[in-house]
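Okay, so here's the structure we're looking at.
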Amino acid sequence: MNKKLLLSVFLMFAVTISFSQTKEELQAQKAEKQAEADKFQSEADAIQAQIDALPGWRTGAFGTIGGSLSNFNNWYAQGAPNNSSGNIGITVNGFANLIEDKFFWRNSLTTNLNWVKLDNKDTDMDSDEFNPTTDVFNISSLYGRNISDKWAISGLAEYRTTLLDNFNDPGFLDVGVGATWTPLDNLIVVIHPLNYNFVFAENDAAFESSTGAKIVADYTRQIGKISFKSNFSIFQSYKSSDLSNWTWTNSFSYTLWKMIGVGFDFALRSNQQEAANFQGVDLADADNKLQSYYTIGLSYSF
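Heads up, the sequence shown is in this note's numbering, so the first residue is 103 and it goes up one at a time.
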């Protein structure tokens with residue numbers, strides 16, 4: 103009996119040692135293969151950097167899709183116990199840039215559209231349709247001739263309006279010339295002291311075109327699975343500060359699987375003319391509160 107017990111203990115100990123050695127060997131093999139993979143990935147990234155630096159077109163796009171649906175029946179704790187609601191939002195950040203040795207042509211598109219629907223089943227007076235809430239459309243084109251590695255003489259055209267409601271009322275078109283500074287590969291700073299801000303609107307009492315200075319800073323980058331874009335655009339009118347405006351937009355996305363991930367967008371804006379038009383008052387009497395929006399949802403890139 104003792105011999106059988108000792109033999110069983112010995113066999114169990116041998117199996118344990120064998121398993122431990124096998125696990126350590128597998129871990130060592132994995133570490134070796136991972137080191138080789140990291141080496142090849144580093145070499146591939148270096149080659150991709152050389153490809154990105156070659157003259158030619160660079161294009162891409164990423165954005166966020168957010169949405170929610172809900173339905174309530176006899177939910178007496180709220181004012182409308184029987185209702186259904188839905189919310190749909192989409193943002194798009196796209197670019198098409200031509201980079202050459204002596205010049206560049208950078209084009210970008212930013213849009214954020216959102217619809218909401220609230221159907222109160224106890225009344226026929228409300229709308230059954232999805233109504234637009236967030237409505238942002240911005241497109242720009244920047245052309246420059248290089249005078250050094252970091253500086254260029256440039257011209258910019260930037261147009262901003264809404265698409266779903268009151269298209270081009272108002273619409274803002276900036277056209278100007280000046281210089282563009284590129285301190286980093288992903289950072290573009292536009293400095294145009296000679297710029298005209300065309301304003302298209304039916305309400306002449308609130309909106310007025312004027313000459314001023316245009317400054318734009320745009321930073322777009324992708325690091326691994328993270329893509330982000332930050333754009334700050336300001337027009338400073340030479341005629342009156344009430345005619346000046348600025349907008350700061352930000353988009354972030356994290357890829358979870360292939361081209362799908364999670365995204366977050368937010369923006370801030372200050373515009374005295376838009377405030378006066380909405381409030382129905384004279385331009386100088388408008389209460390110009392800070393404008394903002396944000397969107398959270400699934401992200402996509404291609």
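Backbone N, C-alpha and C define an ideal beta-carbon position, used for all residues, glycine too. Given the structure is predicted, the values throughout are model-derived calculations rather than measurements.
Annotated three-state conformation of D271 is coil, per DSSP. In its chain, beyond the 5 residues on either side, Y356 and S401 have a beta carbon closer than 6 Å to the beta carbon of V364. In the DSSP annotation of this structure, the continuous segment of the beta strand (DSSP E) that includes A315 starts and ends at S312 to I325.
For the options G191, D224 and G280, the alpha carbon positioned closest to that of L266 is the one of G191. Under the three-pair Cβ rule at 8 Å, the stretch 242-262 does not count as touching the stretch 220-228. DSSP places F380 inside the alpha helix (DSSP H), whose first and last residues are Q374 to Q381. In this structure the stretch 389-398 does not touch the stretch 298-318; the number of beta carbon pairs closer than 8 Å is below three. Fewer than three Cβ pairs drawn from the stretch 194-208 and the stretch 141-153 lie within less than 8 Å of each other, which leaves the two stretches out of contact.
Judged by DSSP in its simplified three-state form, D367 adopts strand. Remark: fewer than three beta-carbon pairs, one from each stretch, lie closer than 8 Å, so the stretch 132-143 and the stretch 363-379 are not flagged as touching. If you draw a 10 Å sphere on the C-beta of R262, you find 16 or more other C-beta atoms in it, and that means buried. The C-beta distance from S170 to N189 rounds to 5 Å, short enough to meet the 8 Å contact threshold. Burial is judged here by how many other beta carbons sit within 10 angstroms of a residue's own beta carbon; S342 has fewer than 16 and is exposed.
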